[in-house]
Structures are given as structure tokens and as C-alpha cells.
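In my numbering, the protein residues as written are 20 to 75.
So, in C-alpha cells, the structure goes:
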């Protein structure tokens, strides 16, 4: 049995999104160790588990 979710109404943003300076300038080849660290942590939300994070 499948269950269709109700339509979702998006909220209007009450403030602007924050942006950060691009201090790396897409330079991912540092000259020495430990100068640049990058990462990605995708978030997943489900009714059964709640919020989960996938980290590498």
C-alpha cells in the first residue's frame, strides 16, 4: 500500500541567506600539509530514524 504525501507549501524566507568569502579560490593543491581541509557531510531525514549524517 502506498501513501501519497500531501502537497508541501514552502515558507517565504524572512532573512537573506548567509554567504561566506571564497578564501580557497578553488585552490585545492596546498603547498604544505594541513593548510587546507575540505569535507562534505550530507544530511538525510526520514520518519523512521530522524536526521542522520553521512560522513567520510
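In this text, a Cβ means the ideal position worked out from N, Cα and C, and glycines have one as well. Fair warning: this is a prediction, and the values are worked out from it, not measured in the lab.
Please confirm whether residue i and residue j have their CB atoms less than 8 Å apart.
i: residue 60; j: residue 73; result: yes
i: residue 62; j: residue 70; result: yes
Using only alpha-carbon positions, find the residue among the options that is nearest to residue i.
i: residue 47; options: 64, 68, 57 and 23; result: 57
Could I get the ranges of all uninterrupted beta strand (DSSP E) runs contained in the stretch 20 to 69, with 3 residues as the minimum, in chain order?
Listed in chain order, the beta strand (DSSP E) elements of length 3 or more contained wholly in the stretch 20 to 69 are 62 to 65.
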